[in-house]
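Trainee: In order, the protein sequence lines correspond to chains A and B. First residue of the first sequence? That's 1 in this note's numbering, and the numbers climb one at a time after it. First residue of the second sequence? That's 1001 in this note's numbering, and the numbers climb one at a time after it. The C-beta atom is built at its ideal place from N, Cα and C for all residues, glycine as well.
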Amino acid sequence: MNHTAAANQNMGANDPKGFASARANVLRPGAEAVATKGWLAANRWLLLRRLSQLSILALFLLGPWLGIWIVKGNLSSSLTLGVLPLTDPFVLAQSLAAGHLPYREALLGGGIVLAFYLLVGGRTYCSWVCPVNIVTDTAAWLRRRLGLRGGKAADTRLRYWLLFFVLGLSALTGTLAWEWVNPVSMLHRGLIFGFGLAWGVVGGIFFYDLLIAGRGWCGRICPMGAFYGLLGRTALLRVSAGQRARCDDCMDCFAVCPEPQVIRPALKAIGQEHPLILDHNCTTCGRCADVCSKNVFRITTRFDRSES
Amino acid sequence: MNNQQTQRAGKLQPLPRRRFLKEMAGVAGGACLLAGGVGLYSKQASALPATAIRPPGALAEADFLSACVRCGLCVRDCPYFTLKLAELGDGVATGTPYFNARAIPCEMCEDIPCVAACPSGALDRSLTDIGEARMGLAVLIDQENCLNFLGLRCDVCYRVCPVIDKAITLERVHNPRSDRHAMLLPTVHSDHCTGCGKCERACVLPDAAAIKVLPIAVAQGSRAGHYRRGWEEKDAAGRSLIGEQIELPVRGMEAQPYGDTRLRPDGPQVPPPAPPAGLNSGWKP
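Dropping the structure here:
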């Protein structure tokens, strides 16, 4: 009892227990932002993100649906306008680990994608491109709305181990090990080429995130996200809590953030002075900027350390 | 209380080593289990069903699975919609290209667009002549229902073969059932069959075809390398390696060539001996 009271008093300060309980209490993060900023401004980055995800998907679907072949293939490897090859570097890494040296196109395509995400930030793939993001975002939204709590979430480091073992397994079995089960490629390929039973895998992730572990797939298990996360250390595009002086500790950003642990160092100046979120697991989704009624956050570059 | 507080405050400091190692071991073990499950599943799921034929130029199955990134570019560039990407539940490694010859066979395009489209090298670009493709091997697998084996002149598989008279020939043999007709048996030759599957597609049987394209590993036995084929050795040496054979005369057939045991109408007519009775009489036709 004593502890809880102390935790509540400390809420919003340095006490992690305070954060946890407050976060669980937020059922509708962003409601205040909608009231003060208007619905459109309070969903700006979310809408842009959905637009980005759906337009990329649409580019792939224009061919098979309408016969307009701008992009052929799928996210694993594609050819745009007959000239631009793009290949998923994670798939490529598995193939290399399996002992196959791909043709120049695949290597070139992988290099282009790799360079892009090194520049922009690896996990922008997760929030701006990956189709599973829509599934897990929906699960997270529903989990909040239904007030579901508890469950058992895996350790956030599981993904790195899984990435390590998946590459090892590729070497051991001589196959692209994760591609046997990868829900990201299964969902994208399924939408373009036909699903079969892959709906089951996507549904499994939805219900895992909804019922067992909030943000459990993208934030803890997905080795593809871990791979792209490792590309995030040099990202130019970063979120800054530039107006952190205005923060009123409403916890909305923590409630919507798919990787809530990345916010604290920047927002509360813990272990760093500047307000930039430099954690490589920040997906630069901008949802924190959306739901903040005080406009604390902005998407900017890693060189922008100003607090204004 | 004091101790508890320091422990809670310690959350921001590096974890004590023992706890850290214990946690790490748990996480690593969990990841290892997950990866192990994936590995076992992949082993189980990498078995290719015999009706699933890989595109032309595909590497051997094990190498193919290390190379194919499952992008579907070969499927997109196949002008006849032959190729499709395996969906989960098809029994083929999910996302990899294959075709079912009975549904749509390979039309053997001269420019082999599927191979040109492959960015990974799972389809080998050293294949430039589609005649050299070895997608599988046709096997006339059902000799009980094949119409030619029944003595009819169906010949459809032979007629549609793009490598007619090389990959499939009609071999004339005596029809023992009628005893006065010939059977022309479609016969596949592995040194020319590309495995395109047009024969399987064209087979006139109502459901399953009598001739089927199978993966080469299923269709073909391994060559018995330790056997010398006498006739090949003879051709290579220009003479028989075992010297002249002794010819023993056959009584009553001295006038005929050695080995020709047929009775001549103008020769001495020997009535066939009456078969002795009993199981162990030793009589042979």
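#1: Within the stretch 112-166 of chain A, note down every full alpha helix (DSSP H) run reaching 4 residues or more, in order along the chain.
#2: What are the uninterrupted segments assigned as beta strand (DSSP E) that are 3 or more residues long and contained completely in the stretch 1009-1060 of chain B, given in chain order?
#3: Between the Cα of I1053/B and the Cα atoms of E1110/B, A1093/B and L1185/B, which residue gives the shortest distance?
#4: Answer with yes or no whether the minimum CB distance from P1056/B to chain A is below 8 Å.
#5: Name the residue from G1030/B, E1244/B and L1137/B whose alpha carbon lies nearest to the alpha carbon of A1217/B.
#6: From R23/A to D252/A, what does the alpha carbon distance come to, in whole angstroms?
#7: Using the beta-carbon count (16 or more within 10 Å), is W217/A buried or exposed?
#8: Counting only C-beta atoms, is D1111/B closer than 8 Å to chain A at any point?
#9: Who are E1144/B's beta bridge partners in DSSP?
#10: Could you name the residues of the stretch 1018-1032 of chain B whose beta carbon sits closer than 8 Å to any beta carbon of chain A, in the order they occur along the chain?
#11: Within a Cβ cutoff of 6 Å, which residues of the same chain sit near P1113/B, ignoring the five residues on either side of it in sequence?
#12: Taking only three categories from DSSP, how would you classify Y1098/B?
#13: Just curious, the beta strand (DSSP E) that T1317/B is in, first and last residue?
#14: Using only CA atoms, which one of R1201/B, Y1041/B, L1065/B and A1047/B lies nearest to P989/B?
#15: Who are the near neighbours of T1169/B in its chain, counting only those whose CB is closer than 6 Å to its CB and skipping five residues on each side?
#16: Does chain B have any CB closer than 8 Å to the CB of N281/A?
#17: Check whether the Cβ atoms of A106/A and G174/A sit closer than 8 Å, and answer yes or no.
#18: If you compare alpha carbons, which of R1019/B, V1069/B, P1056/B and A1050/B is closest to L176/A?
#19: Taking only the alpha-carbon atoms, compute the straight-line gap between K1084/B and F1099/B and give it to the nearest angstrom.
#20: Which residues mark the beginning and the end of the beta strand (DSSP E) in which S312/A is found?
#21: May I ask whether a heavy atom of the ligand NAD can be found less than 7 Å away from the beta carbon of R50/A?
#22: Go ahead and label P1206/B buried or exposed: buried means 16 or more other beta carbons lie within 10 angstroms of its beta carbon, across all protein chains shown.
#23: Where does S21/A sit, in a helix, a strand or coil, going by DSSP?
#24: Rounded to whole angstroms, what is the Cα-Cα separation between L162/A and S306/A?
#25: Are there 16 or more other CB atoms within 10 angstroms of the CB of S1178/B, so buried, or fewer, so exposed?
#26: Taking DSSP's pairing of strands, which residues face K72/A in a bridge?
#27: Output needed for L92/A: all residues of its chain with C-beta closer than 6 Å, excluding positions within five of it in sequence on either side, in chain order.
Mentor: Considering the structure as presented:
#1: 132-145
#2: none
#3: The count along the second sequence starts at 1 and reaches residue 1053/B at position 53. Minimum Cα distance to I1053/B is reached at A1093/B.
#4: Along the second sequence, read from residue 1 onward, the residue named residue 1056/B stands at position 56. Taking Cβ atoms only, chain A never reaches closer than 8 Å to P1056/B, which makes this a no.
#5: In the second sequence, counting from the first residue as 1, residue 1217/B sits at position 217. Checked all of G1030/B, E1244/B and L1137/B; the closest Cα to A1217/B is L1137/B.
#6: The count along the first sequence starts at 1 and reaches residue 23/A at position 23. The count along the first sequence starts at 1 and reaches residue 252/A at position 252. Residue confidence is low: R23/A scores 47 on pLDDT, short of 50, so the model does not pin down where it sits. Its coordinate-derived value is still stated next. The alpha-carbon atoms of R23/A and D252/A are separated by roughly 8 Å.
#7: For this step, residue 217/A is matched to residue 217 along the first sequence. By the neighbour-count rule (16 or more Cβ atoms within 10 Å), W217/A is buried.
#8: One-based indexing of the second sequence puts residue 1111/B at position 111. Chain A, which has no Cβ nearer than 8 Å to the Cβ of D1111/B, makes this no.
#9: Counting from one through the second sequence, the residue named residue 1144/B turns up at place 144. According to DSSP, which records beta bridges pairwise, E1144/B is partnered with nothing at all.
#10: E1023, M1024, G1026, V1027, A1028, G1030, A1031 and C1032
#11: Looking up residue 1113/B in the second sequence gives position 113. For P1113/B, where only same-chain residues beyond five positions count, the Cβ hits under 6 Å are D1077.
#12: Here residue 1098/B corresponds to residue number 98 of the second sequence, with the count starting at 1. Three-state DSSP puts Y1098/B in a strand.
#13: Outside the displayed span of chain B (1001 to 1285) sits residue 1317/B, for which this structure offers no information.
#14: Since the displayed chain B opens at 1001 and closes at 1285, residue 989/B lies outside it and no answer follows.
#15: Position 169 of the second sequence, counted from the start, is the residue given in the question as residue 1169/B. Same-chain partners within the cutoff: T1187.
#16: The sequence position of residue 281/A within the first sequence is 281, counting from 1. Not one chain B Cβ lies under 8 Å of N281/A.
#17: Within the first sequence, the letter at position 106 stands for residue 106/A. Within the first sequence, the letter at position 174 stands for residue 174/A. For A106/A and G174/A, no; Cβs fall outside 8 Å.
#18: Translated into positions along the first sequence, residue 176/A becomes position 176. Ranking the options by Cα distance to L176/A, first place goes to V1069/B.
#19: By one-based count along the second sequence, residue 1084/B stands at place 84. By one-based count along the second sequence, residue 1099/B stands at place 99. Each residue's Cα considered, the two are about 6 Å apart.
#20: No information on residue 312/A is available, as it lies outside the stretch 1 to 308 that chain A covers here.
#21: This structure does not include the ligand NAD; it has no bound ligands of any sort.
#22: One-based indexing of the second sequence puts residue 1206/B at position 206. Under this definition P1206/B is an exposed residue.
#23: Taking the first sequence and counting its residues from 1, one reaches residue 21/A at position 21. Residue placement at S21/A is flagged as unreliable, the pLDDT there being 46, under the threshold of 50; the coordinate-derived value follows with that caveat. S21/A: helix per DSSP, three-state reduction.
#24: To locate residue 162/A, count along the first sequence from 1; it is residue 162. To locate residue 306/A, count along the first sequence from 1; it is residue 306. Going from the Cα of L162/A to the Cα of S306/A covers about 38 Å.
#25: Your numbering for residue 1178/B matches position 178 in the second sequence. Per the 10 Å Cβ criterion, exposed.
#26: Numbered from its first residue, the first sequence carries residue 72/A at position 72. In DSSP, K72/A forms a bridge with L79/A.
#27: Working through the first sequence from its first residue, we reach residue 92/A at position 92. Cβ within range, chain order: G110.
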